[in-house]
Amino acid sequence: MEKINPARRYGLIGFPVRHSFSAAMHNAAFASYEINARYELFEVSPERLDSFLRGLKNENICGINVTIPHKENSLRCLDKKSAEVEEIGAVNTIRVNTDGTLKGFNTDYAGFTRHIEELGIKAKKAALIGAGGAAKAVSLALAKKGTDEIAVYDIDKEKSLALSRRIKNIKPDCHVYNVDSIGGLKIEEKNILVNASPIGMKENDSCLVEESALRLDLFVYDLIYNPAKTKLLQLAQSKGLKNSNGLMMLLYQGMLSFEHWTRQGAPKEIMHKALLKELKKCSG
Ligand code: NAP
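Okay, so the sequence shown: first residue is 1 according to the numbering used here, each after it adds one.
Here is the structure:
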């Protein structure tokens with residue numbers, strides 16, 4: 001049978017991207033609406049980022065998601081930014097408009113917010129590991145949901161300083177401060193711990209946190225969804241702590257990306273089912 005080229009291409013850029021479930025989720029959504037489109041994974045190194053994004057205008061690519069490590073560096077290639085992108089300083093969704101302009105959105109922020117609302121998390125004090133693109137969205141979401149103290153640790157101190165400056169400007173009543181080590185986060189005094197670093201994605205990654213830091217009333221949220229249970233989440237679970245991986249955040253941010261691209265409501269159940277199927281495949 002003759003292969004028909006898809007009319008519209010979408011995809012995810014990152015380095016690496018192999019771990020991602022986004023293609024399964026978006027392709028299931030396209031199929032359910034009989035949209036003639038395909039979502040692909042594009043492994044783009046930092047050196048190729050600008051040329052790849054500038055080239056989108058000439059390809060048949062209508063929309064792109066952006067993941068680690070490109071959420072901040074992609075900003076320089078955008079023609080237009082949503083108010084949230086301006087506020088957060090990171091982009092995870094790009095729409096290639098019909099006139100060829102690239103407009104950036106941040107759906108991580110709304111995706112994380114929706115999930116912590118569903119979980120009923122109202123954290124006064126938070127500890128955050130990582131200060132990259134996702135961490136910026138998470139910290140703003142926490143600050144806007146009433147968290148009044150956020151301790152931030154990143155191996156790159158400049159990044160955590162930039163994050164705290166940004167949040168302080170937007171929410172001056174939220175005390176955001178930087179620490180030099182995981183121990184400095186004083187997790188034992190916090191209500192929520194969020195891992196927004198990539199540590200935990202690889203099988204041989206160590207657990208970021210000492211067992212003694214995990215008190216019973218702490219919620220542990222790991223943005224990583226593959227593996228479903230990082231060593232951090234395994235430890236939290238073994239101690240009986242409430243915890244979550246990033247799968248629902250992935251779903252909610254993906255639904256919003258879909259809506260920015262297609263201007264149609266996203267099929268939640270179909271996208272969720274596709275993610276669960278991927279998870280099952282990965283957990284063997
Ligand atoms: P990113 O922009 O590269 O940020 C990650 C940050 O973590 C970087 O600043 C990195 O510093 C820092 N880091 C690396 N190792 C660390 C360590 N041992 N301790 C403290 N900080 C460390 O990446 P991102 O896009 O924000 O993504 C971060 C993670 O969140 C990834 O695992 C990603 O898959 C996940 N994520 C999940 C969702 C979801 O929907 N569930 C959404 C967004 C992101 P260097 O740059 O110096 O290495």
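Ideal Cβ placement from N, Cα and C applies to all residues, glycine included.
Note that the coordinates shown come from a computational prediction; the quantities given were computed from them, not determined experimentally.
Express the C-alpha separation of residue j and residue i in angstroms, rounding to a whole number.
{"i": "Asp108", "j": "Leu235", "result": "26 Å"}
{"i": "Ile61", "j": "Val96", "result": "7 Å"}
{"i": "Thr98", "j": "Glu59", "result": "12 Å"}
{"i": "Glu149", "j": "Thr67", "result": "27 Å"}
{"i": "Asn169", "j": "Leu142", "result": "15 Å"}
{"i": "Ser238", "j": "Glu158", "result": "34 Å"}
{"i": "Glu2", "j": "Ala31", "result": "Confidence at Glu2 is low in this model, with a pLDDT of 45, below 50, so its placement is unreliable and the value that follows should be read with caution. Distance between the alpha carbons of Glu2 and Ala31 is about 19 Å."}
{"i": "Arg290", "j": "Cys77", "result": "Coverage of the chain is limited to positions 1 through 284, which leaves residue 290 absent and any answer about it impossible."}
{"i": "Phe15", "j": "Asn73", "result": "13 Å"}
{"i": "Ser160", "j": "Asn36", "result": "42 Å"}
{"i": "Ile13", "j": "Phe52", "result": "9 Å"}
{"i": "Ala110", "j": "Lys273", "result": "21 Å"}
{"i": "Pro227", "j": "Ala162", "result": "29 Å"}
{"i": "Leu214", "j": "His175", "result": "22 Å"}
{"i": "Lys125", "j": "Tyr177", "result": "12 Å"}
{"i": "Met271", "j": "Tyr33", "result": "12 Å"}
{"i": "Asp180", "j": "Leu75", "result": "28 Å"}
{"i": "Ala28", "j": "Gly246", "result": "19 Å"}
{"i": "Lys144", "j": "Lys171", "result": "7 Å"}
{"i": "Glu278", "j": "His70", "result": "24 Å"}
{"i": "Glu47", "j": "Gly240", "result": "44 Å"}
Using only CA atoms, which one of the options lies nearest to residue i?
{"i": "Glu43", "options": "Gly11, Asn58, Gly63", "result": "Gly11"}
{"i": "Ala24", "options": "Glu72, Met255, Lys242", "result": "Met255"}
{"i": "Leu41", "options": "Ile182, Ile64, Ala196", "result": "Ile64"}
{"i": "Lys202", "options": "Ile13, Arg8, Val17", "result": "Val17"}
{"i": "Ile182", "options": "Ala162, Asp156, Ile270", "result": "Asp156"}
{"i": "Gly184", "options": "Asn27, Glu86, Thr262, Leu128", "result": "Leu128"}
{"i": "Val194", "options": "Ala135, Glu117, Ser283, Lys144", "result": "Ala135"}
{"i": "Gly132", "options": "Val91, Ala83, Lys171", "result": "Val91"}
I think residue i touches residue j, with their Cβ atoms under 8 Å apart; what is that distance to the nearest whole Å?
{"i": "Leu251", "j": "Leu223", "result": "Incorrect: roughly 13 Å between the Cβ atoms, too far for contact."}
{"i": "Ile120", "j": "Asp154", "result": "In the sequence on display, residue 120 carries Gly and not Ile. Incorrect: roughly 28 Å between the Cβ atoms, too far for contact."}
{"i": "Phe351", "j": "Lys242", "result": "No information on residue 351 is available, as it lies outside the stretch 1 to 284 that the chain covers here."}
{"i": "Ser197", "j": "Ile167", "result": "Incorrect: roughly 17 Å between the Cβ atoms, too far for contact."}
{"i": "Lys81", "j": "Gly104", "result": "5 Å"}
{"i": "Phe112", "j": "Ala83", "result": "Not a contact, Cβ separation roughly 17 Å."}
{"i": "Leu102", "j": "Leu49", "result": "Between Leu49 and Leu102 the Cβ distance is about 13 Å, and since that is not below 8 Å, they are no contact."}
Report all residues from its chain with a CB closer than 8 Å to the CB of residue i; omit the five preceding and five following residues, and keep chain order.
{"i": "His115", "result": "Ser244, Met248, Met249, Tyr252"}
{"i": "Asp217", "result": "Asn191"}
{"i": "Val85", "result": "Leu75, Leu78, Val91, Gly104, Phe105, Asn106"}
CB-CB under 6 Å to residue i, same chain, minus the five flanking residues each way: which ones, in chain order?
{"i": "Thr230", "result": "Gly200, Asp222, Ile224"}
{"i": "Glu259", "result": "Ala266"}
For residue i, count neighbouring C-beta atoms within 10 Å of its own C-beta (all shown protein chains included) and say buried if the count is 16 or more, exposed if not.
{"i": "Lys190", "result": "buried"}
{"i": "Thr287", "result": "Residue 287 is absent from the structure shown; the chain starts at 1 and stops at 284."}
{"i": "Ser45", "result": "exposed"}
{"i": "Ser206", "result": "exposed"}
{"i": "Ala7", "result": "exposed"}
{"i": "Ser283", "result": "exposed"}
Given residue i, which residues of its chain have a CB within under 7 Å of its CB, disregarding the five upstream and five downstream residues?
{"i": "His26", "result": "Tyr10, Tyr39, Gly254, Phe258"}
{"i": "Glu188", "result": "Ala213, Arg215"}
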